[in-house]
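Numbering-wise (this note's numbering), the sequence shown opens with residue 39 and increments by one. The C-beta atom is built at its ideal place from N, Cα and C for all residues, glycine as well.
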Amino acid sequence: MSQSFFENSYKRANNIEDLPWYRDYPPRFLTEVIQENKEPSRALDIECGTGTYSTIIAQAGYEVIGIDFVAAALDMARERAADAKVSIQFQQADACDYQSQGPFDLVLDSGCPHSLKEKEKYRQNLLSWLQPGGQFILVHFNKRHFFDWRPIGPHRWNREQVEEFLGSQFQLRDYHEEIGKVPFPVGPTALISTYWFKRV
């Protein structure tokens, strides 16, 4: 999916609920990670969109930075944070180019690898963002079977490919997959995988 696809989707949306990928609940494992970290912690939300997850993390007491390449998404995110009365730093940036103000205890990525062009740069950024022992949650489209032809990005990895890509410096703690509703041209449904990694 191209940048123009996301930009046009946000332009057409009269409110957050109109977005086809809108969710008002946290992704799998996020609540566990938040509860596990009792000390003051820092989090980076990649592809933060309208700030739903950034806000949930900030409400748990984290210092949060959210990045997205779509300006309209960040406008919605700032409005959501203001309504929730939490302080979040939102920045317009691409994950491969973002110069982080890390290190972070938690990195959440809700879909960046779907359309990655610089895989190794992204992986190196993850290593620089996350401090040793830090948690990484990745939500990513998986491929259901050989004939799953829908055009959901050039990097539609299965579990083995994700683990191989991240390498030995990321330890898989848990994994979950489910069939979820997603917008055209991806949908009407797709296999969505959620990974919980620990930075070794």
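Residue j and residue i - do their beta-carbons sit closer together than 9 Å?
i	j	result
residue 180	residue 229	yes
residue 126	residue 133	no
residue 148	residue 91	yes
residue 141	residue 169	yes
residue 68	residue 167	no
Could you check where the beta strand (DSSP E) with residue i kicks off and where it finishes?
i	result
residue 228	227-237
residue 219	208-219
residue 145	142-147
residue 177	168-180
Taking residue i as the reference, which of the options has the closest Cα?
i	options	result
residue 227	219, 233 and 234	219
residue 131	106, 143, 144 and 139	106
residue 208	144, 98 and 119	144
residue 236	104, 215 and 171	171
residue 162	137, 63 and 62	137
residue 234	78, 72 and 139	72
Could you check if residue i is buried or exposed, using at least 16 other CB atoms within 10 Å of its CB as the buried criterion?
i	result
residue 205	exposed
residue 217	exposed
residue 238	exposed
By the DSSP assignment, the alpha helix (DSSP H) with residue i in it spans what residues?
i	result
residue 204	197-204
Are the stretch 99-119 and the stretch 76-87 touching by the rule of at least three beta carbon pairs closer than 8 Å?
yes
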